[in-house]
Every structure is written in structure tokens, then in C-alpha cells.
Amino acid sequence: GGNAQKQKKQAIIRLEEEEEEEEEEEEEEEEFKNWNYFIFLLYRLVYIASWSFLMDDFMQCPICLDSFKVPVTIPCGHSFCKNCISEYWEGKEKEVHCPFCKETFKLRPQLNRNVSMSVLTEMASTQSPGTRDVCTVGAETTGPEEICERHQKPLLIYCVREGMCVCYECSVNECQGHETLSVGEELRNREAELKKKSAEIQKQQEVTKQTRAELTYNMEKEKVSLQQTSLWINCKFSQLMKLLAEKQEVMQHFLDRQQEESRMVEVPAFTELPVDLHVCPQEELSPVTDVLSRVSKLLCEDLDRALQPPGGHDKDSSPQDKRPILAVVPSPATPSFPAERLGLDANYCSLTFDPCTANAHLLLSRRNRKAEHLVSGPCTVPSDQRRFEHTWQVLCAQGFTGGRHFWELEVSKPWAYLGITYAGIPRKEKGQRCMVGRNQFSWSLQLDERQLGAWHDGRREAVLGQIQGPMRIGLLLDYEAGTLTYYGKGHELHTFHSVFSGEQLYPACWIGEGVSVTLCDPGT
Numbered sequence: 375g376g377n378a379q380k381q382k383k384q385a386i387i388r389l390e391e392e393e394e395e396e397e398e399e400e401e402e403e404e405e406f407k408n409w410n411y412f413i414f415l416l417y418r419l420v421y422i423a424s425w426s427f428l429m430d431d432f433m434q435c436p437i438c439l440d441s442f443k444v445p446v447t448i449p450c451g452h453s454f455c456k457n458c459i460s461e462y463w464e465g466k467e468k469e470v471h472c473p474f475c476k477e478t479f480k481l482r483p484q485l486n487r488n489v490s491m492s493v494l495t496e497m498a499s500t501q502s503p504g505t506r507d508v509c510t511v512g513a514e515t516t517g518p519e520e521i522c523e524r525h526q527k528p529l530l531i532y533c534v535r536e537g538m539c540v541c542y543e544c545s546v547n548e549c550q551g552h553e554t555l556s557v558g559e560e561l562r563n564r565e566a567e568l569k570k571k572s573a574e575i576q577k578q579q580e581v582t583k584q585t586r587a588e589l590t591y592n593m594e595k596e597k598v599s600l601q602q603t604s605l606w607i608n609c610k611f612s613q614l615m616k617l618l619a620e621k622q623e624v625m626q627h628f629l630d631r632q633q634e635e636s637r638m639v640e641v642p643a644f645t646e647l648p649v650d651l652h653v654c655p656q657e658e659l660s661p662v663t664d665v666l667s668r669v670s671k672l673l674c675e676d677l678d679r680a681l682q683p684p685g686g687h688d689k690d691s692s693p694q695d696k697r698p699i700l701a702v703v704p705s706p707a708t709p710s711f712p713a714e715r716l717g718l719d720a721n722y723c724s725l726t727f728d729p730c731t732a733n734a735h736l737l738l739s740r741r742n743r744k745a746e747h748l749v750s751g752p753c754t755v756p757s758d759q760r761r762f763e764h765t766w767q768v769l770c771a772q773g774f775t776g777g778r779h780f781w782e783l784e785v786s787k788p789w790a791y792l793g794i795t796y797a798g799i800p801r802k803e804k805g806q807r808c809m810v811g812r813n814q815f816s817w818s819l820q821l822d823e824r825q826l827g828a829w830h831d832g833r834r835e836a837v838l839g840q841i842q843g844p845m846r847i848g849l850l851l852d853y854e855a856g857t858l859t860y861y862g863k864g865h866e867l868h869t870f871h872s873v874f875s876g877e878q879l880y881p882a883c884w885i886g887e888g889v890s891v892t893l894c895d896p897g898t
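Heads up, the sequence shown is in my numbering, so the first residue is 375 and it goes up one at a time.
1) For Cys539, report the span of its beta strand (DSSP E) as first-last.
2) Where do the N-terminal and C-terminal ends of the alpha helix (DSSP H) with Cys458 fall, by residue?
3) Is Arg524 helix, strand or coil by DSSP?
4) So, is Pro706 buried or exposed, given that buried needs 16 or more other C-beta atoms within 10 angstroms?
5) Would DSSP call Arg760 helix, strand or coil?
6) Below 6 Å CB to CB, which residues in the same chain sit around Gln526 once its five sequence neighbours on both sides are set aside?
7) How should Pro788 be labelled, buried or exposed, when 16 other C-beta atoms within 10 angstroms of its C-beta is the threshold for buried?
8) Can you tell me which of the three DSSP states Thr775 falls into?
9) Just list the residues that DSSP pairs Met809 with in beta bridges.
10) Quick one: give me the first and last residue of the beta strand (DSSP E) that Gly744 is part of.
11) Quick one: what's got a C-beta closer than 6 Å to Val810's C-beta in the same chain, skipping five residues either side?
12) Which whole-angstrom value describes the C-beta separation of Val470 and Phe479, a residue pair presumed to lie in contact below a C-beta threshold of 8 Å?
13) For Phe474, collect the residues of the same chain with a Cβ closer than 6 Å to its Cβ; drop the 5 residues on either side in sequence, then sort them by chain order.
14) For Glu395, write down the residues that DSSP places opposite it in a beta bridge.
15) Tell me the DSSP secondary structure of Trp829 in three-state form.
16) Note down, in chain order, each residue of its chain lying with its Cβ closer than 7 Å to the Cβ of Cys472, except the 5 sequence neighbours on either side.
17) Give the straight-line distance between the Cα atoms of Ala619 and Arg740, rounded to the nearest whole angstrom.
18) Considering only their Cβ atoms, is the gap separating Glu536 from Arg524 smaller than 9 Å?
19) Would you please state the rounded distance, in angstroms, between the beta carbons of Asp831 and Gln814? I believe it to be under 8 Å.
20) Could you have a look at Gln878 and say whether DSSP puts it in helix, strand or coil?
21) Buried or exposed: where does Asp728 fall if 16 or more other Cβ atoms within 10 Å of its Cβ makes it buried?
22) If you compare alpha carbons, which of Cys723, Tyr722, Asn721, Ser757 is closest to Ala732?
23) Note down the Cα distance separating Asn377 from Glu403, rounded to an integer number of angstroms.
24) Which class does Tyr591 belong to by DSSP, given the choice of helix, strand or coil?
25) Taking Cβ positions, are Val891 and Val785 nearer each other than 9 Å?
26) Going by beta-carbon coordinates alone, are Leu718 and His735 separated by less than 9 Å?
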């Protein structure tokens, strides 16, 4: 019983599937009929359109450009109105040619009526839009045709070579062999060219419009940028003028203070002078005057010879010249510089500048024993953490952690700071804090034409004396005693007193523009 029910269900399913297939086939047949009818209508429309095209363009006489009137066909296959071709060949008894293709015939062909063309012409005339009942309200009327002034015939041919419209007689007699077109074809060519030119002009107008918009935007942008730049420059210029005024005021205050300090230092010396002076007779003063003159001559004109060790002898002076001076001049309270050299030769050290610390404006030469500040501008130097970035300064390569050490420097003109410093002195900062003597790491003597100054930790102490032109400065460092002494022009200039920490101390030089500093060799 179970198998029978199963077979019955399968039979019902097959019947339903067959019914669905039959319905699908009927739908496909109906759709096929619809497509056939659509294709039939499409072919009908194409036929009607083709027929209309033939009626408009191919049922016209090439000579009169009107519908054929008694169409005849010549041997080359082209058809014309009988009257048109007869008039065209009028007066030509022997050779004639086709007006359309220019084929030549030795004998004038016999003109027979083209029956098929006549039938088509009649059909075209009956189907012509002009024969139908249409509304002509508002229709435009065409103007009269242009006529050839010479032959009184319409200008229906365009000569490409001459670039003008001509009649058929002009084309045969005067434009023979020229490329010719019908006026309608030339009109279509001109219209196509005009459309192409119009499209190009429109495209160019779009490009021009876009370019103009971009230029306008850029001009506005540059205008705003120029205004902002002008405001920024005016602001910076005002700030610069204000800063210069402040610096000028500070500098003037500094100069006034320096002059006041100079007066305060010089005043006590004058107040200690005796009021009553005893004038000695001339004969009593003459020996002293002679001795002072000879001492001044030795100190001013022959300072280098006076600085030599006791073992050296001058060629230009004799022992007899020196004995009276040594015998007459009493021992001063402060020993002279040549006498100090007697105890300093053993401490004389040979130094060189360290190129890794030299500022880019300083040029080292003579095996790193001379440093010169170039006025022409900075040199190209490699980057180094030990180099002074913004300060015109250089250190010596040798450092000291103890003992007594003496060295001398030749300065071309007074605009320099000579001293010593620990290795921890700032090197990359801007400002005066990196200068030797302007921080807690260093001590220096400022050489200036107006006045000398001793600097440490940014504080200045006035030093008596002036420097003009080149001179030699000696420095004596006694690490254990905590002293740094400066010598110049035969006497002690200044002494710093401190407690050194045990770290290395390096000789240092700050050098002004156009100034050179040279490390002297021992014995020179």
C-alpha cells in the first residue's frame, strides 16, 4: 500500500511538471510572435525611411537639382532631364561628356527615356511632403536663388579650387578639371566644420573660464599672503627697533658705569699725592733722569731682548750698557717681568689650539698655534659636540689638573678675552654665558683699548692699564695655590685667587673680529 501511494505522488508531480513546461513553451511562442512583429515593424520603418531618403536625394536631376522631368540615361549610367542634358550639349556636335563624371563620348548619344526612373519619379511626386495636406501657418519662405550674372543660370555647383559657387556652364568652360561639389554637399561640409569649430571654441572657452577662475583665486591668495607678510615685516621691524633702542640704552648705561668706575679708581691715586712738592736743583735730578731714560728705552724698544733667559746675550748691546742700570735702579716692591721669567722658564709649556672646539669664524694655522677671526665670514666645519656654536672661542688641546704652568700669547690688537676654563663650559647656547669669564666655570682678562677688565662668574673687576696695538700676554697657573696671574709689558697685570676643584683646566681664548692670537714657543 505504501509503494502505491508513493508512485501516485510521483505521477502527480510529473503531470504538474509537464503542465509547467507546456505553459513555458506557450509563453515562448507568444514572445517569439511579438518579436517577429516588432522586427517586421522595424523593417517597415527602415524601408519607409530609405524610400524617403531616395526620394529626396536620388530622384533629382544633377543639372537643375529638381525632380526628373522626362528622365533619360546616357551610356555612363547617369540620368538627367531630357531638356537639361540637351541644353548642356547644345552647340557640341562631336565630342561631348557627362556633366557628372566627365566621361567623354565621341558621338553624341541618343537620348531614350528611362521608364523605371519615370515611374519612381511619379511615385516620389505622389509621396512628396509637398503634395500632402499640411499646415503651413508660420512657415518660412526661402529667398530667390542666386543667378550667374554671365549665363543667367542658378549657382548650383561649388568649385573647391576657386572657392566659389558657379553655374554648370562656368563649371564646364572655366572650371574644367577642378574638383567640384554640389552646393548642398558643400553646405553640409561647412556645417560640419562649423560645428567642429564651435565645439573647439566652446571647449576653449571652458578652459579659459577655468584658467581665469584659477588666476583670480591665486591673485586673491597672493594678495592675502602679501598683506600677512607686510604685517609680519612691520611687526618684526618694530620689535627690532625697540630691541635696538633697549640695547643702546643698556650699552650707554654700561659705558657710563665704566667711566664712573674708572674715575673712582683714578681719584685715590691723586689724593695721596703730597701737597707741597720740593723742587730739586737740576744738577741733583740729572742722574735720575738719565737712568729713567735708559730704563724706558730698554722696556719700550727692546722688550723681547729683555724677556730672554739670563744665558742669552744681545748682539746690539754690551755688558757696559747694563751694569749702570742694575747698579743704580733699586729693587722695586713688585719684581719686573724679566726677573719673573727667571723662575718661570721651568714651568713654560708648549700648547696648541684644539680644532674640534674652534668656532666656525676662527681659522687655525701654524700647526694649530695661531687662531684668526675671519672678517669674510664663517668656514665650513664638521659638526662636533665640543665646538662653540655661537661664541667666537677656542680651547687649547692641553689641560692641567695640578702643578705650575706658564704660557704666552701674542695678540694682534686689543679685542680678546684670555683665560682658563673647566670642560663643562656651555658651548651651544647663544649669548654671553658661553664666553670665558662670563660663567662660574672660567676666569679671563678682557683686553680693551680703553681699559682692562678681569672677569669671573659674569662679574667684572677693573684693572689698571691700557693696551694699544700688538702685545704679548703671559699667564701663570698655580693649581695647588689656586692662583692665575697675568703678565704684560714687564709687570704683573692681575691675579685671580680661587680653589680649583681638581678637574682639568684648559687655556681658552675669545677672539674679536679681525684679531689674531698666537701661542708663543718657549724661548721666543
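Glycine included, every Cβ here is placed at the ideal spot set by N, Cα and C. Keep in mind the model is a prediction, meaning the values are calculated, not measured.
Considering the structure as presented:
1) Here the question's residue 539 lines up with position 165 in the sequence shown. Unbroken beta strand (DSSP E) run through Cys539: 538 to 540.
2) Taking the first residue of the sequence shown as position 1, residue 458 is located at position 84. Its alpha helix (DSSP H) spans residues 456 to 462.
3) The residue labelled residue 524 in the question sits at position 150 within the sequence shown. Three-state result, Arg524: coil.
4) Indexing the sequence shown from 1 puts residue 706 at position 332. Any reading at Pro706 needs caution, since the residue's pLDDT is 37, under 50, leaving its predicted position unreliable; the model's value is listed next. By the 10 Å Cβ count, Pro706 comes out exposed.
5) To locate residue 760, count along the sequence shown from 1; it is residue 386. Arg760 falls in the coil class under three-state DSSP.
6) On the sequence shown, position 152 is the one that residue 526 refers to. Nothing meets the Cβ criterion.
7) Within the sequence shown, residue 788 is the residue found at index 414, counting from 1. Flag for Pro788 reads buried.
8) Residue mapping note: residue 775 aligns to position 401 of the sequence shown, counting from 1. DSSP places Thr775 outside both helix and strand once states are collapsed to three, so it counts as coil.
9) Reading the sequence shown from its first residue, position 435 is the one you call residue 809. Answer is none; Met809 lacks a bridge partner.
10) In the sequence shown, counting from the first residue as 1, residue 744 sits at position 370. Looking at the sequence shown, residue 744 is not Gly but Lys. Here the beta strand (DSSP E) through Lys744 covers 744 to 747.
11) To locate residue 810, count along the sequence shown from 1; it is residue 436. Excluding residues within five positions, the ones whose Cβ falls inside 6 Å are Tyr791, Gly793, Thr795, Ser816, Ser818, Ala882, Trp884.
12) On the sequence shown, residue 470 is found 96 positions in, with the first residue counted as 1. On the sequence shown, residue 479 is found 105 positions in, with the first residue counted as 1. Contact holds; Cβ gap of about 5 Å.
13) Here residue 474 refers to the residue found at position 100 when the sequence shown is read from its first residue. Taken in chain order, the residues that qualify are Pro436, His452.
14) Position 21 of the sequence shown, counted from the start, is the residue given in the question as residue 395. In the DSSP output, where bridge partners are listed per residue, Glu395 has none listed.
15) Here residue 829 is taken as the residue at index 455 of the sequence shown, counted from 1. If DSSP states are grouped into helix, strand and coil, Trp829 belongs with the strands.
16) Your numbering for residue 472 matches position 98 in the sequence shown. Exclusion of the five residues before and after Cys472 leaves Ile448, Cys450, His452 as the residues of its chain whose Cβ lies within less than 7 Å of its Cβ.
17) Within the sequence shown, the letter at position 245 stands for residue 619. Within the sequence shown, the letter at position 366 stands for residue 740. A direct Cα-to-Cα measurement between Ala619 and Arg740 gives close to 43 Å.
18) Working through the sequence shown from its first residue, we reach residue 524 at position 150. Working through the sequence shown from its first residue, we reach residue 536 at position 162. No. Outside cutoff.
19) The residue you call residue 831 lines up with position 457 of the sequence shown. The residue you call residue 814 lines up with position 440 of the sequence shown. Contact flag correct, Cβ pair sits at about 5 Å.
20) Residue numbering aside, residue 878 sits at position 504 when the sequence shown is read from its first letter. Here Gln878 sits in coil by DSSP.
21) Counting from 1 along the sequence shown, the entry for residue 728 is found at position 354. Its Cβ being crowded by 16 or more others within 10 Å, Asp728 is buried.
22) Within the sequence shown, the letter at position 358 stands for residue 732. Of the listed residues, the one whose Cα sits closest to Ala732 is Ser757.
23) Locating residue 377 in the sequence shown gives position 3, counting from the first residue. Locating residue 403 in the sequence shown gives position 29, counting from the first residue. The straight-line gap from Cα to Cα measures roughly 39 Å.
24) Numbered from its first residue, the sequence shown carries residue 591 at position 217. Tyr591 sits in a helix when the DSSP states are folded into three classes.
25) In the sequence shown, counting from the first residue as 1, residue 891 sits at position 517. In the sequence shown, counting from the first residue as 1, residue 785 sits at position 411. In this structure, Val785 lies closer than 9 Å to Val891 by Cβ.
26) Here residue 718 is taken as the residue at index 344 of the sequence shown, counted from 1. Here residue 735 is taken as the residue at index 361 of the sequence shown, counted from 1. Against a cut-off of 9 Å, the Cβ pair of His735 and Leu718 comes out as no contact.
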